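Following: one structure in structure tokens, then a few remarks.
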Ligand code: AHN
Ligand code: ZN
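In our numbering, the protein residues as written are 47 to 382.
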């Protein structure tokens with residue numbers, strides 16, 4: 047037996063003593079450290095939004111042709127959207143409704159709703175309209191003005207971004223519940239400048255706000271996407287969003303600024319726009335903002351392709367889809 051093994055040498059003693067002192071210090075400090083980590087928000091980093099996938103989802107819609115209510119393209123696209131939400135979400139509800147437009151047309155509409163974690167109390171509502179306008183009444187060529195539009199930007203872009211968000215939510219669970227609503231019959235309103243007092247736009251959103259898919263449905267806040275696919279889009283802080291949900295405007299624009307998207311999300315007030323979020327705010331009483339591209343250089347206040355045959359897939363920009371999708375995903379994964 048070698049006795050050397052039982053002798054504690056001086057260097058060994060010093061090492062153990064130092065370790066003991068450090069351990070004791072860290073124990074005394076543990077209370078402070080714990081309370082600091084408790085107060086700091088746990089930030090779950092968001093998954094990566096794929097702009098190619100979002101673009102594919104936009105094109106899949108325009109490939110059906112104009113999604114005007116009562117047409118075959120509209121019926122086929124509804125089935126596609128339902129299938130996609132069923133692939134990604136925990137629960138899907140399709141809400142059919144019958145309504146009349148300003149010109150007396152009776153239409154069959156469908157709101158299509160996908161939910162993640164339907165049992166969770168704290169929820170975020172995301173929405174876009176999936177129908178496209180029945181007429182290109184803003185087209186520069188009068189011969190085109192009674193033709194239906196593809197609505198690549200006006201309709202399909204918001205839905206495409208939300209389908210890519212749904213695909214990401216399935217891969218990486220957020221802390222909060224999320225509901226995605228594709229509203230129908232948003233865009234069969236009267237010609238620009240006519241009948242402006244009537245509630246002729248947003249017929250699907252009006253139906254849902256009066257008949258939510260879940261009794262007493264509430265969400266912490268909502269985000270509507272409308273025309274989020276044009277190159278170099280400018281998102282002013284839309285007027286009704288500031289009036290009804292200014293804190294959500296701040297939250298989203300601050301996040302966009304942090305991500306480096308200040309050239310898209312401008313720190314300026316935009317005009318109020320009658321859009322789906324108005325009825326979600328007024329009737330369902332859920333604070334909802336609208337991320338919508340406004341252009342004050344045109345007569346209509348929207349981009350030149352708005353309600354024209356030029357609102358097609360050739361005028362969709364992946365970078366804009368990416369900027370909007372990344373911002374909304376970051377907002378979702380910040381909530382707990
Ligand atoms: C009005 O022009 C009053 N609202 C426009 C809402 C809209 C139409 N968004 C897309 N298309
Ligand atoms: Zn429109």
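Think of the CB as a built atom: it goes at the ideal place given N, C-alpha and C, for glycine as much as any other residue.
If you're wondering where the values come from, they're calculated on a predicted model, not measured in any experiment.
Check	Outcome
Would you be able to state if there are at least three C-beta pairs under 8 Å between the stretch 193–209 and the stretch 94–112?	yes
Closest to residue 375 by C-alpha separation, out of 273, 236 and 210, would be which residue?	210
Assuming residue 116 and residue 154 are in contact, meaning their beta carbons sit under 8 Å apart, how far apart are those beta carbons, in whole angstroms?	6 Å
Could you check which residue in 183, 137, 188 and 157 has the C-alpha nearest to that of residue 165?	137
For a test of your reading of the model: does the CB of residue 256 fall under 8 Å from any non-hydrogen atom of ligand 1? Yes or no.	no
Please classify residue 344 as buried or exposed, where buried requires at least 16 neighbouring CB atoms within 10 angstroms.	exposed
Thinking C-alpha only, which one of 110, 94 and 254 is nearest residue 157?	254
In this structure, does DSSP put residue 245 in helix, strand or coil?	coil
Within 10 Å of its beta-carbon, does residue 348 have 16 or more other beta-carbons around it, so buried, or fewer, so exposed?	buried
Are the stretch 282–297 and the stretch 212–230 touching, with three or more C-beta to C-beta distances below 8 Å?	no
Do you know offhand how far residue 83's Cα is from residue 242's?	At residue 83 the pLDDT is 43, less than 50, meaning the model places this residue with poor confidence; the figure from the coordinates comes in the next sentence. Whole-angstrom Cα-Cα distance: 53 Å.
Can the beta-carbon of residue 232 be found less than 9 Å from the beta-carbon of residue 321?	yes
Around ligand 1, which residues pass a check of Cβ closer than 6 Å to any of its heavy atoms?	200, 233, 247, 272, 319, 320 and 321
Considering only heavy atoms of ligand 2, does any lie closer than 8 Å to the CB of residue 180?	no
Buried or exposed: where does residue 227 fall if 16 or more other Cβ atoms within 10 Å of its Cβ makes it buried?	buried
Got a sec: does ligand 2 put a non-hydrogen atom nearer than 8 Å to the Cβ of residue 176?	no
Determine the contact status of residue 274 and residue 140, defining contact as a CB-CB distance below 9 Å.	no
Residue range of the alpha helix (DSSP H) that residue 94 falls in?	Run containing residue 94: none; DSSP gives neither H nor E here.
In terms of alpha-carbon separation, which member of 366, 377 and 380 lies closest to residue 97?	366
Return the chain-ordered ranges of every beta strand (DSSP E) run that is complete within the stretch 150–188 and spans a minimum of 3 residues.	152–162 and 169–175
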